[in-house]
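Worksheet for the structure shown next.
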Amino acid sequence: MNPTQESQMNCTCTSKRRVGLAAAILFIGITTVLLLPSSGSAGGKLSPPKLQSSQAACAGYAVEKRAFMVSRQRVEGESCSVSTRIEEVGKTLVLEASFQPTSLDSGDRRRDEHVAGVLSSKRHKDIRFTSQKLAANEFAQWASSKHPKPLNVPGKLSVGGRTVPITFSVIRNSRGLAGVVYTSFSKLGLEPPNAGGGVVAKVYDPLTIAFRVRLDKVDLSKAPVLRASLEAKSEGGEG
709 MNPTQESQMN CTCTSKRRVG LAAAILFIGI TTVLLLPSSG SAGGKLSPPK LQSSQAACAG
769 YAVEKRAFMV SRQRVEGESC SVSTRIEEVG KTLVLEASFQ PTSLDSGDRR RDEHVAGVLS
829 SKRHKDIRFT SQKLAANEFA QWASSKHPKP LNVPGKLSVG GRTVPITFSV IRNSRGLAGV
889 VYTSFSKLGL EPPNAGGGVV AKVYDPLTIA FRVRLDKVDL SKAPVLRASL EAKSEGGEG
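Below is the structure:
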């Protein structure tokens, strides 16, 4: 065998090895995708996003995505440009929070732009939650208790051109309120944001939404019963 033939044979073997390696990688990737649970998490729920506690009000989301058909990653987005309204009308109280989807920050500008496009519409340019009417005295008593149990707060969420019923589980922490709801894009009538037809990035259906409100930093002028109850608690040195 002359040197030329030997060189050609070596090149052929190298090419075959490369093709074989590429095929193996592709096979592993496809197998991994097929074995990944379609729900995006073992129990169908994702833990709430971490939100800033120093701001008056923040809201955010947590999802899981599949990147490049193989790796699974958790994604969180947050907005602290949240407008709140806590208002008593007669013996009832209404909680409302809203913010623009463009204010959500996940650390990736392109992703944030894509998410904002999914969550906004000509009809609803902001995301808004409005609670049902709550009993003002009962809510004030709950909010001023030392260790109250979680409170279910039903209401309506307007997002992406749709308004759907939703219920937040709300707790009272040392500085205010924190709420969470475990839902999904499909329950909200939305398509999960994907990139490259789902090949580059595919977001799973489960969606966790959370908020934090500092009662010492938001306007309570329209909620005199709640304000008086919180002031009495503060003066009494509870919590």
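Residue numbers 709 to 947, in my numbering, belong to the letters of the sequence shown in order.
Note that CB positions come from ideal geometry on N, CA and C, so glycine has one too.
A764 and K925 look like a contact to me (Cβ under 8 Å); what is the Cβ gap, rounded to whole Å?
4 Å
G884: beta carbon under 7 Å from a heavy atom of the ligand MN?
With respect to the ligand MN, the structure offers nothing, as it holds no ligand at all.
Of all the options S892, V802, S806, R782, which has the alpha carbon lying nearest to the alpha carbon of S866?
S806
Reference S755, options A931, V888, L898, R922, closest by Cα
V888
Please list, in chain order, all residues of the same chain as L928 whose beta carbon is under 7 Å from its beta carbon, the five residues on each side excluded.
I794, L934, R935
When the Cα atoms are used, what is the spatial distance from Q875 to R922?
Note that residue 875 is Thr in the sequence shown, not Gln. Each residue's alpha carbon lies about 20 Å from the other.
Please state whether the Cβ-Cβ distance between L885 and L842 is less than 8 Å.
no
Going by CA-CA distance only, name the one from A770, S882, E796, A824 that's closest to S762.
S882
Less than 8 Å between the beta carbons of K773 and T916, yes or no?
no
F919 - partner residues in DSSP beta bridges:
A767, G887
Spatial neighbours of L859 in its chain, beta-carbon cut-off 7 Å, leaving aside the 5 residues before and after
W850, V878
Which of the three DSSP states is assigned to L742 in this structure?
Any reading at L742 is ruled out, since the residue's pLDDT is 36, under 50, leaving its predicted position unreliable.
Using the Cβ count rule (16 or more neighbours within 10 Å means buried), how would you classify V797?
exposed
Is the beta carbon of P901 sitting closer than 8 Å to the one on H822?
yes
Pairwise C-alpha distance: L898 and P914:
11 Å
I'd like to know whether the C-beta atoms of G869 and S829 end up nearer to each other than 8 Å.
yes
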